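Right, one structure below, let's go through it.
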Amino acid sequence: MTPQPTVSGNQLSSLSQQLEGDLYYDNTMRTLYATDASAYREMPLAVAIPKSIADIKALISFAAVNGISLIPRTAGTSLAGQVVGNGLVVDVSRNFNKIIEINPEEKWVRVQPGVIRDELNMALKPYGLYFGPETSTANRAMIGGMVGNNSCGSNSIVYGSTREHTLEVKAILADGTDAVFSNIKKGEYDSLLQAAKQKNGSASLLDKIYLKTNEILSSPENQAEIRRNFPKPSVERRNTGYALDMLLNTAPYTQGAEEPAKEFNMCSLIAGSEGTLCFLTEIKLNLVPLPPKTQGLVCVHCFTIDEALRATILTLKYQPQAVELIDEYVLECAATNPEQKKNAFFVKNKPDGNYPAILVVDLSRETKEEVEALAATLEKELTEANIGFHYPLLFGDDTKKIWTLRKAGLGLLANIPGDEKAVAVIEDTAIDVYDQPEYIRDFNAILKKHGMSAVHYAHAGSGELHLRPIINLKTSEGHRQFRMIAEEIADLVKKYDGSLSGEHGDGRLRGEFIPKMVGQHNYQLFKDIKKTWDPNNIFNPGKIVDTAPMDTFLRYEADQKTPEFKTYFRFHDQDVLQHAEQCNGSGDCRKTELSGGTMCPSFMATRNEKDTTRARANILREMLTRSPKENRFDNHEIKEVYDLCLACKGCKGECPSNVDAAKLKMEFLQQYHDVHGVPLRSWLVGNFSKMTGLASYVPWAYNLIFKNAPLRKIANQVVGFHPDRTMPLLHDTTLKKWYDKRKKPATSGKRVYLFCDEFTNYNDVEIGKKSILVLEKLGYEVIIPDHGPSGRPQLSKGLLKDAKKIAEENIRLLKDIISHDTPLVGIEPSAILTFRDEYPDLVSDELLEESKKLAMNALQFDEFIAREIELKNISKDKFTKEKRLIKLHGHCQQKAISSLVPTKKMLSLPENYTVQLIPSGCCGMAGSFGYEKEHYDISMKIGELVLFPAVRQQPEEVIIAAPGTSCRHQIHDGTGRKALHPAEILFEALV
C-alpha cells in the first residue's frame, strides 16, 4: 500500500505552470476521480490532463522527486479499482486521442491511448479492416485501457484478447526515458542481451528490464513453477498477475518455437499490466478483415443457467462469432429501463411467467442463407437434446438491439432496488469452457450455503461468465460477505486451474489473492518484475502486487449513517441518495456524438469528466454522504458539476442504470434556493408564462425591442442572456384568444382536448392554429379546456414549489375529462410530457393516482395521430401525393420519455413523403440554457456536433422538422434555416 503523499499546494501550482495541459487539485475534480466502476473510493492528490509527451515526462519527474505515484486513466470504467488511488491521476482521454497512421497493406494501425475502440473501427471500415477485441463498453472504452486490462469482450472466441493484437508500444519508463517494445527475432534478442551485459554498471533502465526478464525466464526452476501454477493452457482468458507464461512461450525460451509466430515481444507483458510498469503514449495494433457481412443471432431461451451452459458447449462446433448469456436478473432490470425495455422485444417468458436464461449465439456468415441453414441445424440439435424452448433467429437492426441489451448488463444491474446490489468481486473468473457447467454448479452451491444469490451473464462461449453476488456493501455483514465470497471463489477457481481474472484485471480487488492463484514463488517473480521496471514505485502502485487488503478503501463504509432526506420530488422505492447511487461508474455517458444518442451533450462538447452523468451522480452521492453541513445539498461542488447539465433527459432514456440527472438537478436547485434564494434570471425564466402574458398585451413593444439587434443585445445583457442570441417573438394575438373568437366547425367526430402550453400560446401561435385546423380537417372536435401553464419553465430552474402548485391545479382541472377516448393532446413535447414525467413524482400523495391516470392519456400531437392511423381512423387519401424529403431532429425529452417512431409514422402519412432521422442528440438549446450568457458558446458547440452540419447540407427543398420550440430556435440561430413543427408539415400536406 502506498503511503499518503505529502505535496503542498505551492508545489502543485508550480507543476501546473510547467504543463501545457491542465492540473486540477480542487476538491471537486479530486472527488470525481476518486472512483471508477469498481467498489473502491480513494481521494487522489490531483488530476492531470496532459497535452503532450513533455507533460507526461514532467509528471513522471515530479512523481519521482516528490515520492508520489501516477495513475494512468482513460475512460475510468475499471472494475477492480485500477484507476483509484491516492496519487496523481493522469487522464489521457481528452488530448491523446489521435489515430496516427493506418497501414492497409500490412494491416496495422498506430494510435494514441485515448482512441475509443468503436471510433477506431469507424475509421478502419473504409479500408475493410477491423480491430477485433470488443468490450461491452466499446463505445467509450479506449485502447490504452484495453491494453492495460488486456480486454477481450464478447467475440474473444474468434479474436482473442488485446494482447494478441498489440504489435508495438511506445512508452516512457520510470526514469523518464523513451522506449519502444515490439517483436524481436531470437538472434536480435541474444545480441540485445549481450550488449546490455557488457555495460556492467552503466546499464540503462531498459537494459536492466531485459536482463531481469531473461534472468527470470531462463531459470529452469522458474520455468517449471510458471508452467505448473499458471492457469492451464486451455483457459484462453488469463489476466492473473504479469503474463510471464506468455513470454515463456516465445522463441528464446521454448524449444521448437517457430518464428515469427512466437517472437519475443515485451508487449505480451505490458498488456494486462494495468499501467504499473510504464506509461504508454502510442500503440500499434494488428488488424483483421471485417466480420462476415450477415449477422444472425439465435437467441436460445433456456429454463435454467445450467441448461444454457450445456447449450454453450453444443454451439461451439458451429464456429460462432460469440456466445453470450443474459440471465433473468438482467432481463428484470431491463424491464425497468425505457431504452432497454424496447431492446428486449424478442424475449419470451417461461410457461410459469418468469424470465428465461437466454443464450445469444452469433452465427454470422457472408450470406443470409448460410446463417439460416446453420440456425436450423442448431435448433434441431438443441431440440433433440431437449435444450431450450424458443429459438428466434434475428437479423439486421434487431441484432443491434440485442447486443445493446447485452452490453447494458453492467449498468442495468444497478437498477436492483434498495441498497443490495450485484457487486463486482468475483465477476471476472475464467475457466475452461468445457469445465464451465460443473464450475457454475459448484459456484452456486457455495452461494446457496451462505444464503446468497448471483447474477450470471456475458461470455459463456469463452468460459467467463460475469458472476455478481447480491451484497449490501453499506453494512458490516456486506463487507464480511465481500471478503468471504472472494476467498472461497478464489479456492474454487484454483481447483479448476482457471484464472481469477479473465479480462477485468487484478487491480486492488484481486491482487491479494495472486499468491494463492499462482503460488508464492511466481508472486515473488511478479514483485521482481515490478521492482525492475519501476524502482521508485511511481506507476500505479498497489495494483497487482503489494495491494492493500481487498476490503479496504471501499466506496461505502460499513454501517455508515446518512440522514433521511426530505425532497420535493418523489423517488419511487428509494430516496434521492439511492437514486444517485444507481450510477455504478460504467461510463455510458462518456460516449461521443459519433456513437449516436443524446446522453450526454455537455460531455460530447467538452470531453470533460466533470460534464458526465456519472460525475453528477458521483458528486451528489459524495456530498449527501459526507458533507458536514446540515443541508447537504448546500455545497458549491454540486452546483459546479451540475452547471452544464442541460436537463435534456437523455440520461433518463439512455443510462442503463436509470440515473435521471435532470431530476437530480431540479431537486438540488430547489434545495439550494431554499438556502440562498432564487436568482433574478432564474425567477424571470421560471415565470415565463406570467412575464410573457403581460408582454402579450403590447406585443408590438416587445417585438420592437427584440427585432432590433442593438436593443435586443442591451435587453439580453440586462437579464443575463448572451447578446448574440435572438429571442422568440410574440404573435399579435394568443392561441387561446384566437380559439375563443373563432367560429367552431360543426363536427360529430371524436373529441380531443388540446393542451395550450405557454410556448404555443404566446410564441408559436401559427403552429397552434395549424394543429387545431388539421385535427378538425381530419374530423375531430378540438376543445381547449381550462388549465394552467405546464410548469416546464419552473421545473427547468428548480422552482419545484411553484411547479407543484401548477401540476396539482392542472390535475384537478383535467382529471374528470381526460380519458383514453378523450385524450389530452399537446403540441410542445417538453410541456405535454411533464404530465408523464415530472407530475407523478411531484404531486401530493392524494393526487398521485389521478396524476398517473392523466399521464397515461397525455399524448404528443404525433402520438395521437399515429394512434389514430393504427386504428384506421385516418387515411392517406386526405393528403398530397407530392414527393417530399423530410429530415427530422427529435426532441430530447421526447426520445427519453416517448419515441420518434410516432413522429415518423405521422410524417409518412402522405404516401410520397420520405422521413429520415438526423442522427443528432441534443440541439444544445435546452430551454433557457442556450440563452444564458455563460452557456451560449457551449450551446452552439453542441449544435455543431451533428445537428448544424446535417441541416446545412440539406438543399432548400428538403423540409427540416423539429417538434421542440427550443430546437427550432436553435436551428434558426445556428444555420439560418427554418425548421417546422410536424403538425405544420401535416397541415401543409392536406388536400
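The opening residue of the sequence shown carries number 51 in this note's numbering; numbering runs sequentially from there.
Virtual Cβ for every residue (Gly too), placed ideally from N, Cα, C.
As the structure is a computational prediction, the values presented were derived from the model and not from experiment.
Straight-line spacing of the CA atoms in Ala711 and Ile363 works out to 43 Å. In the DSSP assignment, Gly194 falls within the alpha helix (DSSP H) that extends over Ile193 to Asn199.
Rounded to whole angstroms, the gap between the alpha carbons of Ile669 and Asp693 is 12 Å. Look at Ile539 here: in three-state DSSP terms it is helix. Burial check for His726: the Cβ neighbour count within 10 Å stays below 16, so the residue is exposed. Straight through space, the alpha carbons of Asp1023 and Lys991 are spaced by roughly 12 Å. Taking every protein chain shown into account, the CB of Met172 has fewer than 16 other CB atoms within 10 angstroms, so this residue is exposed.
The Cβ atoms of Thr784 and Tyr812 lie closer than 8 Å to each other.
Here Phe445 is not near Gln570, since their CB atoms are 8 Å or more apart. Our two residues, Gln371 and Ala510, have alpha carbons roughly 12 Å apart in a direct line. In summary, Leu779 is exposed, with fewer than 16 beta-carbon neighbours lying within 10 Å of its beta-carbon over all protein chains present. Residue pairing by DSSP places Asn315 opposite Asn233 in a beta bridge. DSSP lists Leu517 as the beta-bridge partner residues of His506. The way I'd put it, the region 81-99 does touch the region 132-151; three or more beta-carbon pairs between them come closer than 8 Å.
Considering only Tyr379, Ala480 and Ile490, the residue with the shortest C-alpha distance to Arg456 is Tyr379. With a contact defined as Cβ atoms closer than 8 Å, Thr331 and Ala221 qualify at about 7 Å. In terms of Cβ geometry, Arg288 and Ser549 form a close pair [threshold 8 Å]. Within the same chain, and ignoring the five residues on either side of Asn708 in sequence, the residues whose Cβ sits closer than 7 Å to its Cβ are Thr386, Asn387, Asn465 and Gln632. Apart from sequence neighbours up to five positions away, the residues of its chain that approach Gly841 with a beta-carbon distance below 7 Å are Ala853, Ile856, Ala857 and Thr884, ordered along the chain. In the DSSP assignment, the residues bridged to Gly203 are Glu184.
In this chain, the alpha helix (DSSP H) harbouring Leu744 covers Phe738 to Ala745. Where Phe683 is concerned, there is no enclosing alpha helix (DSSP H), because DSSP gives it neither an H nor an E. Within a 10 Å sphere around the beta-carbon of Phe395 sit fewer than 16 other beta-carbons, which makes this residue exposed. Residue burial is scored here from C-beta neighbours: Thr617 has at least 16 other C-beta atoms within 10 angstroms and is therefore classed as buried. DSSP, read as helix, strand or coil, puts Pro339 in strand. If you check the CB distance, Arg886 and Ile834 do not come in under 8 Å.
In the structure shown, Asp710 adopts coil according to DSSP, grouped into three states.
For the pair Thr663 and Asp609, the CB atoms are not nearer than the 8 Å cut-off. Counting of Cβ neighbours within 10 angstroms places Gly592 among the buried residues, the total reaching 16 or more.
Distance check between Asp257 and each of Gly977, Asp927, Glu984 and Asp240 places Asp240 closest, using alpha-carbon atoms only.
When secondary structure is reduced to three states using DSSP, Ser269 falls in the coil class, being assigned neither helix nor strand. If only complete runs of 3 or more residues are kept, the region 400-460 shows the beta strand (DSSP E) at 407-412 and 443-445, in order along the chain.
Cβ-Cβ distances below 7 Å link Phe683 to Phe718, Gln721 and Tyr722 in the same chain, with the five nearest sequence neighbours on each side left out; the list follows chain order.
Three or more pairs of CB atoms, one per stretch, sit closer than 8 Å, so the region 1013-1033 contacts the region 936-943.
Of all C-beta pairs linking the region 293-303 to the region 311-329, three or more are shorter than 8 Å, placing the two stretches in contact. Contact between Gly126 and Arg213 does not hold, since the beta-carbon distance rounds to 22 Å and is not under 8 Å.
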